[in-house]
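K.L.:
In full-length UniProt numbering, the protein residues as written are 1 to 226. Built from N, CA and C at the ideal position, the CB exists for glycine as well. Structure in structure tokens, see below.
Written out as structure tokens, the structure is:
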């Protein structure tokens, strides 16, 4: 990257001893060097992996998803002695945040949502494609994705194993990940016991299991409001 000294080094030997000339030249090129520095840093500043604050908001405009939600995500705030909203699950409440819930996502949550939205923008309509997009959000939380097409214009989006943080479940249930064919009614469910597979007859897998192992499915909205 060029610096002021780079340009001063181009001054011929005849003019180099002229202190006032080189000082004037340094003052002229200094703002231009500053502009070059800013321009060189711009791609990194808006890179989805590194962007923060206003730069991440611009990324969201390109992707098509704002960090602000239309209605507050219900009560995801961190608290002690509650597993659902405890460490690694609850959201730290910032000053001036509404007690009713989250209206603006923090950078890391928003970044994860944008990654999933990018995958959803290119969704091919298949179960496998939807699972890949949802895995961007839920796989890091040791959650397994279950998608079931009932072939009657309804489908089930379920999770097995570790139940994700409430803020991500609320984003899914409120449609902020557009993985829904038009006209299809989606049910979002989680296991009634954290860490367990969903209950199902005549199956015994890590995702769906029978009595003594599987846990009954619970609607996400009921889980969030409990």
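1) Which residue's Cα is closest to the Cα of residue 30: 11, 4, 48 and 9?
2) To which residues of the same chain is residue 104 closer than 6 Å at the C-beta, ignoring the five residues directly before and after it?
3) Count the other CB atoms, across all protein chains shown, that sit within 10 Å of the CB of residue 160; report buried if there are 16 or more and exposed otherwise.
4) Does residue 60 pass the burial test, meaning 16 or more other C-beta atoms within 10 Å, or should it be called exposed?
5) Quick check on DSSP: helix, strand or coil for residue 96?
6) For residue 48 and residue 14, I'd like the C-alpha separation in whole angstroms.
7) Please classify residue 41: is it buried, with 16 or more other beta-carbons within 10 angstroms of its beta-carbon, or exposed?
8) Give the range of the beta strand (DSSP E) segment to which residue 217 is assigned.
9) What do you get for residue 168, buried or exposed, if any count of 16 or more other CB atoms within 10 angstroms of its CB means buried?
10) Do three or more CB pairs link the stretch 169-187 to the stretch 195-210 at distances below 8 Å?
11) Looking at the strands, I want to know which residues DSSP matches up with residue 187.
12) Beta strand (DSSP E) containing residue 147: first to last residue?
13) Would DSSP call residue 19 helix, strand or coil?
14) Give the DSSP-derived three-state secondary structure of residue 105 in the structure shown.
15) Could you please give me the residues that DSSP links to residue 208 through a beta bridge?
16) Starting from the Cα of residue 117, find the closest Cα among 44, 130 and 32 and give me that residue.
17) Can you find the residues in the same chain that come closer than 8 Å, C-beta to C-beta, to residue 25, ignoring five residues on each side of it along the sequence?
18) Pick from 50, 152 and 193: whose alpha carbon is nearest that of residue 112?
19) Use the C-beta contact count for residue 64: other C-beta atoms within 10 angstroms, 16 or more gives buried, fewer gives exposed.
20) Can you list, in chain order, the residues of its chain whose CB lies under 8 Å from that of residue 185, leaving out five sequence neighbours each side?
21) Is it right to say residue 144 is buried, meaning 16 or more other beta carbons lie within 10 angstroms of its own, or is it exposed?
22) At which residues does the alpha helix (DSSP H) containing residue 166 begin and terminate?
23) Taking only the alpha-carbon atoms, compute the straight-line gap between residue 163 and residue 142 and give it to the nearest angstrom.
P.N.:
Concretely, from the data shown:
1) Looking from the CA of residue 30, the closest CA among 11, 4, 48 and 9 belongs to 4.
2) 67 and 68, listed in sequence order.
3) With 16 or more other Cβ atoms from the protein chains shown falling within 10 Å of its own Cβ, residue 160 counts as buried.
4) The residue is buried, with at least 16 neighbouring Cβ atoms inside 10 Å.
5) Per-residue confidence for residue 96 stands at a pLDDT of 49, beneath the threshold of 50, marking its modelled position as unreliable; the derived number appears in the next sentence. Residue 96 carries a coil assignment under DSSP once its states are collapsed to helix, strand and coil.
6) Rounded to the nearest angstrom, the two C-alpha atoms are 49 Å apart.
7) By the neighbour-count criterion, in which a residue is buried when 16 or more other Cβ atoms sit within 10 angstroms of its Cβ, residue 41 is exposed.
8) 217-219 is the span of the beta strand (DSSP E), which, as asked, contains residue 217.
9) With 16 or more other Cβ atoms within 10 Å, it is buried.
10) The answer is no - the stretch 195-210 does not touch the stretch 169-187, with fewer than three Cβ pairs under 8 Å.
11) DSSP lists 156 as partners of residue 187.
12) For residue 147, the enclosing beta strand (DSSP E) starts and ends at 143-149.
13) The answer is helix: DSSP assigns residue 19 an H, G or I state.
14) If DSSP states are grouped into helix, strand and coil, residue 105 belongs with coil.
15) Note: residue 208 sits in a beta bridge opposite 198.
16) In terms of CA proximity to residue 117, 130 leads the group 44, 130 and 32.
17) Shown here for residue 25: same chain residues with a beta carbon closer than 8 Å to its own, the five before and five after excluded, namely 7, 8 and 11 in chain order.
18) For the residues 50, 152 and 193, the minimum Cα distance to residue 112 belongs to 50.
19) Residue burial is scored here from C-beta neighbours: residue 64 has fewer than 16 other C-beta atoms within 10 angstroms and is therefore classed as exposed.
20) 153, 154 and 155, listed in sequence order.
21) Label assigned to residue 144: buried.
22) Segment 166-173, the alpha helix (DSSP H) holding residue 166.
23) Cα-Cα distance, rounded: 8 Å.
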